[in-house]
Structure formats: structure tokens, C-alpha cells
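Asks: Take a look at the following structure, please.
In my numbering, the protein residues as written are 65 to 1193.
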């Protein structure tokens, strides 16, 4: 099966056809060139080469070992000559002279010249054996200085040529590799120039999105600038760092500036991680060992070259291990590196043959050339295995193939076939046998059960069912094993089409077994037969979800109905569980096979979680359908609003449709609400839906794509609204301007025959009509671009007619435009000055006559100040406009008019400056006064409220009603006026605030503080009056209580004595001597002063009491006096 053709490949510039210009480096046994990392660049001068190509800087290089001299007569290729430092005057012959660069040491050479050589020549190169030969000193001694210089220059040129070739191959390989992934993007992208195409960062982010499957933010647009480039590249680098990829000496500026070494290093880092590291780590997790799995975990070495080499070593070992495991052991092929081991193409062919047998003829290809084998390998890998062709034969069939390019190409095999091993063929046969065996077994078992069901001969023994179920369970492991191979990335995989056959047969077998079990359960005694029937229907309901694949409103309705049916059905689960428990408790279970009863209990236990998972899944699908249907409807509406527009009424109708759909339906709010609900449903689905990682990732991807889709749609909706409103506004402008201009032209054409003065008067506002004509042209241009072709043509025709009439009229009357401008400018000047003066007078009046007697008035004053502060800028713009008008009028005014206008402008400018300075000061004062006055007013209100309550209390006090009433009034008085000190201190504090306000306002002109003072004085006087009245009442109440106490006390004493006396007199038996003595003793001590004290206490009491309370007191005294006289007599 051939894979899809890869994207067009970048071949890069072809290498030069001629061999190296240094023939002695190719001779047997001679030094072979190598490709080192870019060496430091020396700053020493250099001689020009004979070639017209740009000169490269001179670089230090290892001292070569020279072969025998060239044959006589062979011309030497021209080349650069190193800088020769002349011997300083007076220097000894043997002393070295240091060049400005610290990397060079100049050794003496006969003739007073010095040649640059590195301080420490590098060691022997890889795979190179030390050879005997003449030393550098011998060569220098035996060769002329010119010969040495020319050979060194040729050696440097060879190194640069090899480096250029290495960079060319890497660029081409990396570009082809990137295009192989970018072609899978929707829409596909393509990289042609690795350095230039990655500068803006968009294609780099697109590549990372394809590789990672994640969505990354990107700056897009037609007019991107360097800040946008840097933002995109920073996003890419931060994403790589979030993957624990250490980037050494790679920054966004270098990438945007297009430094080739940095760009190549970044792409190589991406290849290492996404193409090699991820696959080797995945294989390591499965038990395969492929060297280091953490090659990207960087060291702390800041050297870019060292870090790059260290990064590649782990991936190189891992990839080599994979190749070694993949290659058959019996073909005698050993791969030690990613250079020469691949030059002949046999390693590529062996891997391809191991993946798919008989697609290449290994025996025949062994006799072919290197390039033929490489061409066959690259072609077959792309055509048959889907491995993108990144290289060409000439890139690999060289002395030292570029290792990074070869690794990149080989890594594609690892990515597509990570589990490729030398025994893969046997495994493939085993999988094919297992697949066929399972298919045959499922078919045979289904046919067997269907035959039993059709003939009504299903066994009635649960033991037979259990045996059959055991047989099915023995195939579950194989079923799951094959399921894991569906569309896997391994060498052995099963397509979805092939898997559907097994899945269909498996579901069919499960349905047949459920029917068999339902038949067995129906034969059980009640209530187990009812439980079995309900379980069978529940399991059928859980397993039979025939939901349409099209996500629309109809599907959402179907799912909603299924969800309601699900909830209604499984609402019976508690009753079924109770019924089962009742059956178990009844003892009927003894008539049922234990295995069948355990099976029923297990099914009853499992059906609850399964039902919950189905409910969550149905709920998720319902919300998903609704969300997709919502987006479909919005997008369909959007397409109807983004077409070419018709006339004004049709555009207005579209705008009304938009308003009805978007605004009245609150589309943005409703979608946000639906999306938030969907997020909650997704969280529940992932938590309780028992889904695998693949479904979880698909759900997350759906949410991301939906969010991005809505972001685009919502932005388009807002743009459509603006566009429709703008088109309507342009249509209205067109209608008004075109009618006005046509009417004016009709009148103007009749005025051409009038006398000169009348024509001048009529055309004095010609400049205004000229502006309207220009505005009409802009308007019709916009409408022509946005309307249908027929409407656009009608607009063009009408505008052409108007414009033709204008073009015919304007040249004849344009001389009147200047006079009209003068008149209009005079009018505008006068109107502007009047407006400015009126505003200034109003402001001055406001600032000098303010009444700030309440917080509301102060706030209103502040609001007016803020309004004036905003108007100041408007007035300054007005003043500038007046000044411009004045400047345009100067040349047409007399000297007196100019002086008068200048004086007016100067005066108003001074007033404007003064007002501009005064308003902020008043605003500052306003803020101070507002805070203080709010505090003062709050305190005044609180004190006034307390005083009102005090007046009410004092008005309700009285000494009437007896001692208890007076005592109650005194307690009320004391309780209320216990807070008088608090309010007194508050009043003192507010007096201080008042003084601060008065002090601040006295410094400002025009602000009356008399109301402040009057209100505060009245409050203080009222407080003093209440305090005095409170003290008086307290004294009056206390005096009344004292009089009542004295009166009651003497009344009690007299009453007690009278009662005792009356009791003694009333005794009838006084025969005993003791009784007589008691009488005598009691009546000998009569205190006549008590009556006097009673009268005095009564007089004191009546003095305190009101007249209406006097009679009870007098009555009490008279009664006591009467009783006293009676007893005493």
C-alpha cells in the first residue's frame, strides 16, 4: 500500500560539480578534511583571492601535514594569503611578536616574516590514524613562504566550502521536514526559505501546533511589524520551555534577525524533542531500552556548541539503538553512526525491507551504485511507507554525510514505526492469526446462539450459560489487545474498518447472551423473575445508544428524549433493589442456583454506576449538540449579513434582523452561559463518565475548537453590526447630500445670468458646497464598494450626472469662493467670540456667587466645577479655532479692525487662563469642604435629632401623679440625659470643624458663609437651652420626691400610732394589772409634735405639686388630725 505523496521538497542549491580545489588533501595517506564547528573569527588582515566571490575572514586552522611536493609545472590555485606581521625595529630575531588577537602566536621565520598558527593545534580527527611525516618546522624550512601561505588559504577555503555544503544540506532537510508536517495543517502552509519564512514566527507556531496538537496564540495580519514578530517567536520559545526543553543561546531577537546558526539550532532542537525524544521515551515506558531518554535535560554549560553536542548525544544513541534493534542480525550490516554507515544506502533499504517485505530487491540492489540504492530507498519509503523524502542521493553519497540531516530522515521511521524490531515479521503473523481466530470464533458463536434462539432450544441450565460466559471471558484479553492496535503508531496496527467487523460481532454476541440470561431469569420464582426482567431491559437500554452522528437540533431533541426516558426508567432502581432484598429475605433463594443469584446481585450492583455513566454521556452529548447547533445557526445568519448589500431599505432590514437576532436574543450572553454550562458538563463527563484518555483529549480539543470558533464568530458579529450601521449611515448621507447638491445645482445654474454682485452674494458659500461635493464622492465610493453590482451602477450613474454638472459650473464661479470664505470666516469669528465671552461671564458669575449651605449644594457645586473643567478644554479649542479664523482674515482687514480683534482675543485669553487656573483651586477647596461639611452636617443632624428627643422628653415630664410617677420621670430624665456629655463633646468637635470651614471659605471670593454661621449659632443656643431646662427639671423632680418621702414617712408614723391606740382602746377586758400598766405606759408618751410635722410636710409637698394635686394631700392631713383628736379625747 503506497503512502500519500509528500509535499514538494526543497532541494536547495546544487553543490559545485568540481572537486575540492586542494588536490593534495585528496591523496592517499594525506590529511583528510573534516567539518568542525564554526571556529572563532580572527581579526587579522588578509589578502584577496583571485576568485570574485566575497572574501571570508581569515580563521585559525590546525597545522596540516604536507605530502610530497606538487609535480613541477602544476599551477597553484589562487587563494588568500595570511597577514604577515613585520618585525618591529630593534626586536631580536628569536622573540615572538603578539598580534592584537589573543588567539595567535607568531613564530619566527627567516626573512623577518611571521605566520599565524593556533596556540594549540587540535588532536587527530575521528577515524584518523596518526601517520608519520615531516613536521611543520621541516616543511616551513623546506618550502617558500608563499607556498605555505597559499596552501593555508586553500585549506581555509576547503573548510568553508564543506561548512557551506553542510549548512545547505541541513537547510534543505529541515525545510522538507517542516513542510511534511505543515502540509497536514488546515489550511496547509509551506516553507521555502528557512531563514526568511520563520522571521515572523507564524509558521514556527503552526509547526509547533501540528507537532503538539495544542493551540497556541499567534499574532496575525497583513501588516505585521517587528514587535509582532518578536511576540510570536517569544510565544514559541516559551512553549518549548514549558515542555522542559532547555534553549541555550537561542533568543527571539536572533530568530527575527535571521541568524542561520540560531535558526538551524532551534529546528534541530525541535526535531530532537518531537521526532526522537518523545518516541524513545514512549518505548522506554514499554520496556524497551534505547540509550538516554533525557537528552534534552540540559547541563548548565553556557557554551552553545557544547550544549548542542550534549543534547544530540542522547538522541543519537537512542536512535542508533533503535536502528540496531530494527535491522536483521543475519545480513551482516552494522550501523555505527549517522554518517558513512548510510552512504551506500543499504541501511535504508534494510529498514524498509524489515517494515514491509518484498518491496525492495535486496539481492539486486547490492550490485547497484550508491546513488541508485539511495534513490530507490528514498522513493520506496515515500511511496510505500509514507516517509517524506527529505534528502537526495547526492546529499548522502559524500565522504562525510551530515549527521543531523540523516538523523532527521531516519527519525521519521522511528516516528511511524517505533516498535520495529528484527522479530517484527513473526509478531505480524501472530497478530494476523489472532485476528482471524477471534473473527472466526465470534462468527461461529453468534451463529450457534442464533440457531438455538430460532429453534427455541436455548438451554435452561444456568451452568451451561456460565460455561459459555467463561468461554467468552477467556477471549476478552485478546479482544482488548487487538483493540489497542487500532490505528496505533506501531508497525503492526488494525484499521478502523477491520475493527468494526470484530466490534459488531462482539456486540452481537453480547446481545445474544443477554437474551439467553433474560430467558433464564424469567423462569425464576417471584420476585426474582421481575428483577431479572428489569435488569435485562436496563442492560439493553445502556448498550443500545443509536444516536445520529450529525450534531444538530434534531439530534439534541433525540438525546433529550432519551435522557428523560433514562431518568424515568432508572428511577425504579431503588424499588428493584428493595424487591431483590425482599426476595433474599423471604427464603425463596434456596430454589435458585447460587451462581445465578450471585450474578443477578452483581448485575444489580453494577447497573447503577453504568446508568450514571450513560446519563452523564447523554447529558454531555445533548449540550454538545445544542452548542454546535447554536454555532451553526449563528454562522448561517452571519453569512447572510456578510454579502453585497442592496439599497438603504434592505440594509436597514438586515440591521433590524441583526438586532432582533443578536440583541433581543442576547446571543453573546446566552452563548457564554451555554459555554460555562458546557464546561461544567465536561468536567462531570470526564470525572464520572468513565472515559479513556483519548476521549478526554478529544473533549478538550472540542472545547478549545469551540472557543476559538466562537471567538471568530463573535468578532465577525460585532464587525457586521458596525458594518451595517456604517452602510446605513452612508446611505443616509448619500440621500441627503445628493438631494441637497442637485437642488443647489439646479438653482445655481439659473443664477449664472444674474449681475455680478448678486452672483457674488449667492455663491459666497461655494466652499461649503465644495466640501459637500467632496464628501459625496467619498460616500459614493464606499457604497459602490459595498453594494450589489446593479445598485453600484445606479449610484455611479447618478453621481456621474451630479459630478458633470458640478465640473461644468465650478470653474465659472470659483472666483467667488474667496469672498464667500471671508464672509463665512467673519461670521464664524463673531459667533465664536460671543460663545467664548458668554461662557467666561457665566463661569465668573458662578465662581463669585456660590451658596454652600448644605451638602447637596456643595455636591452640586462640585459637579458644576467638574463640568466646567471639562468645558475648559473645549473652550481652548474654540479659542484656537477663533485665532485661526482671525489669521485667515488678517490680510483682508483694516489695521483698526486687526488691532481691535487682537485686543479682544488678548483679553479673553487672559480671562480663559485665569479661569483655567481658578477652577482646579476651587475643585481642591470643594473636596476639602465636602468631606468636612459631610462630617459637620452628619453631626448637626445627630445633635438636632437628640435635641428634638430632649424637647419631647422635657415636655412630657411632670411632678403630678404621686411619688411613683415622679420617681419614674426622674429615672427617664437621668437615663436620657446621661449622654448629654457625649453630645456636648460632639458639638465642640463640630464647632472646630465649622471654624475650619469658615476659615477656608473666607479665603475664597464670592462664597457666603452667613447661613453656615446662623445655623451653627442656633444649634449651640438650642443645646444650651436644653441643658439648662434639663438641670431645672432634674432639681424639680428631686425636690418633689424629697417632699413626698417626708410626707409619707410622717404619715406612716402617725398612722401606726393611731392604729395601736385604737386597738388598745377597743379592748374590752382590762382587768389584769399588766394590761392597765400597758395602757398607762402607751398613753403617757403622746408626741404632739407629730401633727405639726405632718402639717409642715404637707405644706412643703403642696408647694412642689400643681394645684390639682393639693386636695388629696389636705384630705389625708385632715383625716389624720380627726382620728388623733378622737383618740386623745
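We put the beta carbon where it would ideally sit given N, CA and C, even for glycine.
This one's a predicted model, so the numbers in the text were calculated from it and none came from an experiment.
What is the rounded straight-line gap between the Cα of residue 1177 and the Cα of residue 1162?
Replies: To locate residue 1177, count along the chain shown from 1; it is residue 1113. To locate residue 1162, count along the chain shown from 1; it is residue 1098. The alpha-carbon atoms of residue 1177 and residue 1162 are separated by roughly 7 Å.
Asks: What is the rounded straight-line gap between the Cα of residue 785 and the Cα of residue 479?
Replies: For the purposes of this step, residue 785 is taken as the residue at position 721 of the chain shown. For the purposes of this step, residue 479 is taken as the residue at position 415 of the chain shown. About 49 Å.
Asks: Kindly provide the ranges of any alpha helix (DSSP H) runs that are 4 or more residues long and lie completely inside the segment 285 to 344, ordered along the chain.
Replies: 290 to 306, 316 to 321, 324 to 335
Asks: Mind checking whether residue 805 and residue 836 have CB atoms under 8 Å apart?
Replies: In the chain shown, counting from the first residue as 1, residue 805 sits at position 741. In the chain shown, counting from the first residue as 1, residue 836 sits at position 772. Yes, they are a contact pair.
Asks: Output the distance between the C-alpha atoms of residue 292 and residue 477, rounded to the nearest integer angstrom.
Replies: Residue numbering aside, residue 292 sits at position 228 when the chain shown is read from its first letter. Residue numbering aside, residue 477 sits at position 413 when the chain shown is read from its first letter. So the two alpha carbons sit approximately 36 Å from each other.
Asks: Taking just the CA atoms, how far does residue 607 sit from residue 672?
Replies: Mapped onto the chain shown, residue 672 falls at position 608. Mapped onto the chain shown, residue 607 falls at position 543. In a straight line, the C-alpha of residue 672 is about 14 Å away from that of residue 607.
Asks: When the Cα atoms are used, what is the spatial distance from residue 567 to residue 494?
Replies: The residue you call residue 567 lines up with position 503 of the chain shown. The residue you call residue 494 lines up with position 430 of the chain shown. Those two C-alpha atoms are separated by around 20 Å.
Asks: Would you grab the beta carbon distance between residue 316 and residue 287 for me? Rounded to a whole angstrom, and I think it's under 8 Å.
Replies: As a working mapping, residue 316 is identified with position 252 in the chain shown. As a working mapping, residue 287 is identified with position 223 in the chain shown. Contact flag wrong, Cβ pair sits at about 20 Å.
Asks: When you compare only the Cα positions, how much space is there between residue 536 and residue 406?
Replies: Looking up residue 536 in the chain shown gives position 472. Looking up residue 406 in the chain shown gives position 342. For residue 536 and residue 406, the distance between alpha carbons rounds to 50 Å.
Asks: Would you grab the beta carbon distance between residue 234 and residue 469 for me? Rounded to a whole angstrom, and I think it's under 8 Å.
Replies: Start at 1 with the first residue of the chain shown, and residue 234 comes out as number 170. Start at 1 with the first residue of the chain shown, and residue 469 comes out as number 405. That belief holds up - the Cβ atoms of residue 234 and residue 469 are roughly 6 Å apart, short of 8 Å.
Asks: Quick one, which of 812, 684, 260, 340 has its alpha-carbon nearest residue 871's?
Replies: Here residue 871 corresponds to residue number 807 of the chain shown, with the count starting at 1. Here the closest residue by C-alpha is 812.
Asks: Please classify residue 743 as buried or exposed, where buried requires at least 16 neighbouring CB atoms within 10 angstroms.
Replies: For the purposes of this step, residue 743 is taken as the residue at position 679 of the chain shown. Counting Cβ neighbours within 10 Å, residue 743 comes out exposed, since fewer than 16 surround it.
Asks: With residue 1158 as the anchor, note down where its alpha helix (DSSP H) starts and where it stops.
Replies: Against the chain shown, residue 1158 aligns to sequence position 1094. Looking at the DSSP string, the run of the alpha helix (DSSP H) that includes residue 1158 is 1153 to 1168.
Asks: Could you tell me which residues DSSP puts in a beta bridge with residue 558?
Replies: Numbered from its first residue, the chain shown carries residue 558 at position 494. Answer is 550.
Asks: Could you have a look at residue 794 and say whether DSSP puts it in helix, strand or coil?
Replies: Against the chain shown, residue 794 aligns to sequence position 730. Note: residue 794 maps to helix in three-state DSSP.
Asks: Please say whether residue 1037 and residue 1097 have beta carbons closer to each other than 8 Å?
Replies: Here residue 1097 is taken as the residue at index 1033 of the chain shown, counted from 1. Here residue 1037 is taken as the residue at index 973 of the chain shown, counted from 1. Result yes, Cβ atoms of residue 1097 and residue 1037 sit closer than 8 Å.
Asks: Which residue marks the beginning of the alpha helix (DSSP H) containing residue 459, and which one marks its end?
Replies: Here residue 459 is taken as the residue at index 395 of the chain shown, counted from 1. Unbroken alpha helix (DSSP H) run through residue 459: 457 to 460.
Asks: Going along the chain, which residues of its own chain have a beta-carbon closer than 6 Å to the beta-carbon of residue 1034, five neighbours each way excluded?
Replies: Residue 1034 sits at position 970 when you count from the first residue of the chain shown. Cβ contact annotation for residue 1034 (same chain, cutoff 6 Å, sequence separation greater than five): 1101, in chain order.
Asks: Between the beta-carbon of residue 403 and the beta-carbon of residue 467, is there less than 8 Å?
Replies: Residue mapping note: residue 403 aligns to position 339 of the chain shown, counting from 1. Residue mapping note: residue 467 aligns to position 403 of the chain shown, counting from 1. Taking 8 Å as the Cβ cut-off, residue 403 and residue 467 qualify as a contacting pair.
Asks: Rounded to whole angstroms, what's the CA-CA distance from residue 1139 to residue 1130? Just pull it up for me.
Replies: If you number the chain shown from 1, residue 1139 lands on position 1075. If you number the chain shown from 1, residue 1130 lands on position 1066. Between residue 1139 and residue 1130, the C-alpha separation is close to 13 Å.
Asks: Sort out for me which residues DSSP pairs residue 709 with in a bridge.
Replies: By 1-based counting over the chain shown, the position of residue 709 is 645. Paired residue(s): 851.
Asks: Enumerate in chain order the residues of its own chain whose CB-to-CB distance from residue 594 is below 7 Å, with the five nearest sequence positions on each side excluded.
Replies: Stepping through the chain shown from its first residue, residue 594 is reached at position 530. So the qualifying residues of the chain are 643.
Asks: On a CA-only basis, which of 964, 985, 911, 270 is nearest residue 894? Give me that one, please.
Replies: As a first step, residue 894 is located in the chain shown; it is residue number 830 there, counting from the start. When only C-alpha atoms are compared, the closest one is 964.
Asks: Grouping DSSP H, G and I as helix and E and B as strand, with all else coil, what is residue 589?
Replies: As a position in the chain shown, residue 589 is number 525, starting the count at 1. Three-state DSSP puts residue 589 in coil, outside helix and strand.
Asks: Roughly how many angstroms separate the alpha carbons of residue 260 and residue 319, rounded to a whole number?
Replies: Taking the chain shown and counting its residues from 1, the one referred to as residue 260 is at position 196. Taking the chain shown and counting its residues from 1, the one referred to as residue 319 is at position 255. Roughly 9 Å separates the two Cα atoms.
Asks: I want to see whether chain B comes within less than 8 Å of residue 524, judged by CB atoms only; does it?
Replies: Protein chains in the displayed structure number just one, and chain B is not present.
Asks: Output needed for residue 979: all residues of its chain with C-beta closer than 6 Å, excluding positions within five of it in sequence on either side, in chain order.
Replies: Locating residue 979 in the chain shown gives position 915, where the first residue counts as 1. Hits under 6 Å: 907.
Asks: Hey, quick one: how far does the alpha helix (DSSP H) through residue 979 stretch, first residue to last?
Replies: Here residue 979 refers to the residue found at position 915 when the chain shown is read from its first residue. From DSSP, the alpha helix (DSSP H) with residue 979 extends over 959 to 1020.
Asks: Taking DSSP as the reference, what is the three-state secondary structure of residue 724?
Replies: Along the chain shown, read from residue 1 onward, the residue named residue 724 stands at position 660. DSSP places residue 724 in helix when its eight states are reduced to three.
Asks: Anyone know if the C-beta pair for residue 419 and residue 449 falls short of 8 Å?
Replies: By one-based count along the chain shown, residue 419 stands at place 355. By one-based count along the chain shown, residue 449 stands at place 385. Yes, these two residues count as a Cβ contact at 8 Å.
Asks: Note down the Cα distance separating residue 769 from residue 267, rounded to an integer number of angstroms.
Replies: By one-based count along the chain shown, residue 769 stands at place 705. By one-based count along the chain shown, residue 267 stands at place 203. If I take the Cα positions, the gap works out to 20 Å.
Asks: Looking only at its chain, what residues have a beta carbon closer than 6 Å to the beta carbon of residue 753, apart from the 5 residues adjacent to it on each side?
Replies: The residue given as residue 753 occupies position 689 in the chain shown. Cβ neighbours of residue 753 beyond the five flanking positions: 677, 680, 681.
Asks: Going by DSSP, what residue range makes up the alpha helix (DSSP H) through residue 822?
Replies: The sequence position of residue 822 within the chain shown is 758, counting from 1. Segment 820 to 826, the alpha helix (DSSP H) holding residue 822.
Asks: What do you reckon, are the CB atoms on residue 326 and residue 340 nearer than 8 Å?
Replies: Stepping through the chain shown from its first residue, residue 326 is reached at position 262. Stepping through the chain shown from its first residue, residue 340 is reached at position 276. Inclusion of residue 326 and residue 340 in the CB contact set at 8 Å is not warranted, their separation being larger than that value.
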